[in-house]
Each structure stands twice: as structure tokens, then as C-alpha cells.
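S.K.:
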Amino acid sequence: MGRIIIGLDFGTTYSGVAWVLDNCPDEPEVITSWPGRGNRTSPKVPSIVSYSNGKFLWGYQATLFGENIRGIKLLLDVSQSEEVASALSSVELLKQNQKTAVQVAGTYLKQLVYNANQTLDRRFGTAVKSMDRQYILTTPAVWSDKAKDATLTAAVNAGIARHEIALISEPEAAALYCMHAIQPNTIRNGDVVVVCDAGGGTVDLISYCVKTVSPLSLEEVVEGSGGICGSMVLDVRFNELLDELIGKNKIPINSREMALKFWQEDIKPNFANDLDDKDETHFIPLPGVKDNRKISLRDGFLKLDGSRHYLIQDQVHGAQASKNTVMAILLVGGSGSSEYLFQRIKKAHRGITVMQPPNSWSAVMLGAVQHGIEGNRVGKRIARRHYGVQFRSDSSAYNGRFPDVKREWCRLNETWYLPGVMNWYIHKGGEISEGSPICMPFSRSIAVENASTMIFSDPLLVCNRKSSPERVEDTVFQICTLETDLSRVPAYLFDLRKNSCGQKFYKVN
């Protein structure tokens, strides 16, 4: 019956789903119907869950005044999430409900997938049950390996089979969509473009060289960058502004939620060219808060003029594009569709074409579907960190270096070794070509009497430093364990040796 490709854009503030039938000429379709939304449609659903009063709610079902867990996605990467997640009280709510970030993310993704399946059932009826599925799940380009694994675990917890899931970085998915959607354009073979995916919580920047426009072939030019400087940070700053003006404990939760909703839906999306205009005025609803003429709070409304926007604007500047000389900047994502950000980047990079594709908010999920259809289009990537394993090296090779490190004697090889030496297979900033394995020599000496299993385990270590250390140190940490099973390899294929004491051992390469 065919295969259904489903793109899942699990976002910080909003999430979306797009799908298409493989080998079908139709354009990918974005799901726009959501529980709690009634007859109104939207290409995205809020990335919010609530466990208030023992009842689970998600997306548009979550009430305005409930204790909502926001920024679920950021909680999956502890190295990225502390500032925003703590500010929005999500960490405390997780503790109160005795949930982990992976559990909550899995529950949210389960609802996202269930709603997608409901849409497919209405479209195809019972025939959909016989169709294979492939889920393309997007992640930020700067996501750590641990965060990617947590995202995969959450997806499996959501009921998706592991073999049905593939990951793609958000800017890579966006680049695929932009190159198809922005037509005509002036991009030619050999041009360099910067993809700026400005989302709700993260902003990712990746530079690509367009090797060929048709068929599309891309190569990363420099290491991707990014961080938490999305529009969600503006929400945090808005909350801080309210606390600064009125007092942290003087705003009822329902009043704060109403003010935040007005900020998110009426003020933030309309940032434009004239944002610096100090005559621009907004009235923020704050019912139940005592009047204070000193801060222009009267009759339940806070007057916010242009001069106060400067407390919030500085977070937006973190989304400005790379300083590399490029032909075009492709601006996508929830914040990427804003006129304000478009004009700011255009002003900062005069002479470079800045483009916003149609359906910018849906670019990532549509690009994910495109990836499922066409396969990988990035032939070369730039490593974000160093990857390697530790081993024992012949100490004579170090000529007395590392005098404080105790040498180890190997009774099989009858040699002194220096322990904890790093062998880096991949270096940060180095090029990694798709389909080209990185091979390095590696060997073990195993006594014949211990060679019954021939199953070995090695920790895969990483380091984020600019230069890779020679030995294991505090900046080197483990991300997984590599298991090598040679138990079915005939023993005669191993190099059998004997030392001066007559002990036999295998040299396993």
C-alpha cells in the first residue's frame, strides 16, 4: 500500500506535523486540526502539558490559568535549559508531578503522533493500517549527543518503533525546504548560504555550500552554532519586566498568564521596523493588580511604551546571522517569519540577500518530510566535537613526558605502557564525509586462556575543547559504550604469539 513519511517538528514553544505518501506527486500536507482548538485551524500546536488536578492536558487543551509545563524540549538538554526552564517554573512542576523531562516529552509526542494518526485514519480509512511509516524527528543543530539520545528515548516512549525513527537537524531540514520552496532564486552552484532557524527557544545557524542546485547537494562550510536566544527568552524577559515593575509576588497567576498571552499573541508577533519608535504604546491587561500611576498601571492595564522594549530587544540580537561572506541568508522558524528580525538581519548584512520562504513557520517539518522522500542531501559535515577512545601506548614513545603518570607493565607484550592516552578518530572542526568510514588501527593482546568470548567493550569519549588533549582529563567524558563481538571469528585468523616466558596470546587487530 505504500509508505507514509511523517515529519515531526518538536519545538520549544510550538510543535507541528507534516506528512506525505511516498512515491506520490502530491505536496506534503501540514496537519492543522488539534484537540481543544474547535473548528479553528493552525499549523502548530503549543508545546505545553498540564497535570493540574490530576488531569492530563496538552497543547490547546491546556487552560490559560493552569500550571502548565512549558519548554519541554529544552529540558531534554540539561546543558542548554537551565536559564529558560527555571524561569518558567517547569523544573519545579516536573518535581511536583514526579516526572522526568523524557517522560513528559514522550507523553507529549505520543499525543502529537496520535493526533496525526487520527488525521490519517480520516483520510484513508482502514487502509492506513497496512501502510509502513517513517518518522523524521527534528532536533537543534547544537543539540548534544545526550540530548539527541533523550529525544530518541522520548519518541520510543511515545510508541514509535526505533527502526521507524530518523533524526535530522532543524536547519538542515529548513535548507531542504527553502531550496525547493523559494523559486525562482539567484542561488547557483558553489554559492554559500546561511540558514538561520529562529525558533521559540533555540536559534540555529549553519552555513552550507550548494555544490549543485539540481539535484540538490549541500556541504557544511563551518561548524554550526546557536543557542537559547529564541522568542521564548523574550517571554522570560517580559516576565522579568513585570516582576521589576510590579513585584514578583504581587501578580496573581491568572493575571500573569493573561498578560503573557496578550504579549505572545498581540505584541511579540508584530515587532516591525518601527520597534525603536518610542511613541509606540501597548496596554497590557493585568486584572486584579492594584493601580500604580508611577509605572502607568491603571484600571487593570499596564501601559508599555517603546522605551521599555529595550529591556527585551537585546535577546533578539542573538539571532543575527554569521559574519561569513555569503550569497544569501535563509530565515525560517517561528521568529524567522517576523518582520522585525528580517529587517534587523537585512540591516546588519547589507549586500546579502535575505530570504523568507512561504510557510516559514512550517519550514522545518516540511523539510523533514522532504528528507524522508529524497534521502540525505548533505555530503559533508563539520564535526561539533572530538570523538575517540583511550588506550595504552608504548611509554618509550613519550620520552619521559607525563612523569607523574604511573606506567603499567604488560606481561603479555613485556612492555611498559602509558595508560589513559587518547586516540581521537574525529577532530572538532574536521570534515566528515557521508559514506566514508573513518578507520584507525586498534589492537588488543588477549591471553589464549581468556579468549573464549572475544567480546570487547570500549567507552566512546568526547571533548568540546578547541584542541584535543593527549590524555584523558576533566574535559573528556563518555557518551556511550562501543561493543565489538568477535566471538564468531575463527581463532586461526588472529595473530597467535608467544612471549619470552612461553605464554601464548592473541594479537587481535
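At position 154 of the sequence shown the residue is numbered 154 (the UniProt record's numbering), and the sequence of numbers has no breaks.
Backbone N, C-alpha and C define an ideal beta-carbon position, used for all residues, glycine too.
By DSSP, does Phe-505 sit in helix, in strand, or in coil?
M.R.: Strand, per DSSP.
S.K.: Rounded to whole angstroms, what's the CA-CA distance from Trp-409 to Ser-393? Just pull it up for me.
M.R.: 11 Å
S.K.: Under a three-way DSSP split, which group does Ala-116 fall into?
M.R.: helix
S.K.: Looking only at its chain, what residues have a beta carbon closer than 6 Å to the beta carbon of Ser-86, apart from the 5 residues adjacent to it on each side?
M.R.: For Ser-86, the predicted model reports a pLDDT of 46, less than 50, meaning its position is unreliable; a value from the coordinates is still stated below. Cβ within range, chain order: n/a, list empty.
S.K.: How big is the Cα-Cα spacing for Ile-128 and Thr-119?
M.R.: Inspection of the sequence shows that residue 128 is occupied by Val rather than by Ile. C-alpha separation (whole angstroms): 10 Å.
S.K.: Pick helix, strand or coil for Gly-7, following the three-state DSSP scheme.
M.R.: strand
S.K.: Look at the alpha carbon of Met-440 and the alpha carbon of Arg-384, and state the distance between them as a whole number of angstroms.
M.R.: 20 Å
S.K.: Would you please state the rounded distance, in angstroms, between the beta carbons of Ala-181 and Val-195? I believe it to be under 8 Å.
M.R.: Rounded, the Cβ-Cβ distance is 13 Å, inconsistent with contact.
S.K.: Enumerate in chain order the residues of its own chain whose CB-to-CB distance from Gly-430 is below 6 Å, with the five nearest sequence positions on each side excluded.
M.R.: Ala-383
S.K.: Assuming Tyr-108 and Val-17 make a contact with CB atoms under 8 Å, what is their CB distance in whole Å?
M.R.: Actually they are not in contact, since the Cβ atoms of Tyr-108 and Val-17 sit about 12 Å apart, beyond 8 Å.
S.K.: Please state if the CB of Ala-161 and the CB of Val-102 are separated by a distance shorter than 8 Å.
M.R.: For the 8 Å CB-CB criterion, Val-102 and Ala-161 do not form a contact.
S.K.: Taking all protein chains shown into account, decide if Ile-171 is buried (16 or more other Cβ within 10 angstroms of its Cβ) or exposed.
M.R.: Per the sequence shown, residue 171 should be read as Pro rather than Ile. Counting Cβ neighbours within 10 Å, Pro-171 comes out buried, since at least 16 surround it.
S.K.: Suppose only complete runs of 4+ residues qualify. What are the alpha helix (DSSP H) ranges in the region 330-405, listed by chain order?
M.R.: DSSP runs (the alpha helix (DSSP H)) wholly in the region 330-405: 339-348, 363-374.
S.K.: Quick one: what does DSSP say Leu-496 is sitting in, helix, strand or coil?
M.R.: Leu-496 carries a strand assignment under DSSP once its states are collapsed to helix, strand and coil.
S.K.: What is the DSSP secondary structure of Gln-183, reduced to helix, strand or coil?
M.R.: In the three-state scheme derived from DSSP, where H, G and I count as helix and E and B as strand, Gln-183 is classed as coil.
S.K.: Checking 8 Å against the spacing of the C-beta atoms, do Ser-443 and Gly-379 come in under that value?
M.R.: no
S.K.: Where do the ends of the alpha helix (DSSP H) carrying Asp-145 lie?
M.R.: 145-157
S.K.: What is the rounded straight-line gap between the Cα of Cys-480 and the Cα of Gln-503?
M.R.: 34 Å
S.K.: Can you tell me where the alpha helix (DSSP H) with Lys-211 in it begins and where it stops?
M.R.: That residue, Lys-211, is in no alpha helix (DSSP H); its beta strand (DSSP E) goes 203-212.
S.K.: Would you report the Cα separation of Leu-486 and Phe-494, rounded to the nearest angstrom?
M.R.: 10 Å
S.K.: Assuming Asp-9 contacts Thr-138 under a Cβ cut-off of 8 Å, what Cβ separation, rounded to an integer in Å, is found between them?
M.R.: 5 Å
S.K.: Quick check on the DSSP output: the alpha helix (DSSP H) that includes Ser-90 runs from which residue to which?
M.R.: 90-96
S.K.: Do you know offhand how far His-371's Cα is from Lys-507's?
M.R.: 44 Å
S.K.: From Gln-134 to Lys-406, what does the alpha carbon distance come to, in whole angstroms?
M.R.: 52 Å
S.K.: By a C-beta neighbour count over all protein chains shown, 10 Å radius and 16 as the cutoff for buried, is Asp-197 buried or exposed?
M.R.: buried
S.K.: Could you tell me if Glu-374 is buried or exposed, where buried requires 16 or more neighbouring beta carbons within 10 angstroms of its beta carbon?
M.R.: exposed
S.K.: Alpha carbon to alpha carbon, how far is Leu-412 from Phe-456?
M.R.: Between Leu-412 and Phe-456, the C-alpha separation is close to 18 Å.
S.K.: Flag this pair as yes or no: are the beta carbons of Ile-136 and Gly-7 separated by less than 8 Å?
M.R.: yes
S.K.: Just grab the DSSP bridge partners of Gly-16 for me.
M.R.: Asp-9
S.K.: Quick test of your reading: Ala-451 and Ala-491, contact by CB under 8 Å. State the CB separation rounded to the nearest angstrom.
M.R.: 7 Å
S.K.: Could you give the distance in angstroms between the alpha-carbon of Arg-308 and the alpha-carbon of Leu-482?
M.R.: The pLDDT assigned to Arg-308 is 30, lower than 50, so where the model puts this residue is not dependable; a value taken from the coordinates is nonetheless given after this. Between Arg-308 and Leu-482, the C-alpha separation is close to 54 Å.
S.K.: Between which residues of its own chain and Val-113 is the CB-CB distance below 7 Å, once the five residues before and five after are set aside?
M.R.: Ala-158, Gly-159, Ile-160
S.K.: Measuring only the C-alpha atoms, how far is Ile-31 from Phe-391?
M.R.: 51 Å
S.K.: Take Thr-63 as the anchor and find which of Arg-37, Lys-44, Leu-76, Thr-41 has the nearest alpha-carbon.
M.R.: Arg-37
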